[in-house]
Amino acid sequence: LEKPLTILWIAIPLFIQTNLIFWLTYGGAKLLKLEYENAAPAALIGASNHFEVAIATSTMIFGLSSGAALATVVGVLIEVPVMLMLVRICRRTRHWF
Numbered sequence: 002l003e004k005p006l007t008i009l010w011i012a013i014p015l016f017i018q019t020n021l022i023f024w025l026t027y028g029g030a031k032l033l034k035l036e037y038e039n040a041a042p043a044a045l046i047g048a049s050n051h052f053e054v055a056i057a058t059s060t061m062i063f064g065l066s067s068g069a070a071l072a073t074v075v076g077v078l079i080e081v082p083v084m085l086m087l088v089r090i091c092r093r094t095r096h097w098f
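Sequential numbering of the sequence shown, starting at 2, is according to the numbering used here.
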């Protein structure tokens, strides 16, 4: 990779976006007095970016060496550990509901 900082510049906004959407959804579920069994999956699904579709589309349209393909691959590499972190948060905050 010619510019390794590019991966960081892609990863940071994705990390922020995923967390922001999760907390907005999780907080909204709390305000709506949803049960934990509905609130946690709703927040996790809302925060998911469905990168598998993005990878297929970007590589088909722009090619494997494109910036779009790089962004979608970085997205998957960021999303998996972030989603696992959010699952842990859900489990630790179950008592909120």
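Backbone N, C-alpha and C define an ideal beta-carbon position, used for all residues, glycine too. Only a predicted model underlies this, so the values are computations on that prediction, with no experimental measurement involved.
Residue j beta carbon less than 8 Å from that of residue i
i     : j     : result
Tyr37 : Arg95 : yes
Thr60 : Ala72 : no
Glu80 : Phe63 : no
Cβ shell of residue i (< 8 Å), same chain only, five flanking positions each side left out
i     : result
Val75 : Ile8, Ile11, Ala12, Leu15
Asn20 : Ala48, Val83, Leu87
Leu35 : Ala43, Phe98
Residue closest to residue i, alpha-carbon to alpha-carbon, out of the options
i     : options             : result
Asn50 : Met86, Met61, Phe23 : Phe23
Ala57 : Leu45, Ile46, Val77 : Val77
Buried versus exposed, by CB contacts within 10 Å (16 or more), residue i
i     : result
Ser67 : exposed
Leu65 : exposed
Leu33 : exposed
Leu6  : exposed
Leu45 : buried
Own chain partners of residue i with C-beta closer than 7 Å, once the 5 adjacent residues on each side are dropped
i     : result
Trp97 : Lys31
Would you call the region 85-94 and the region 38-49 in contact, with 3 or more CB pairs under 8 Å?
yes
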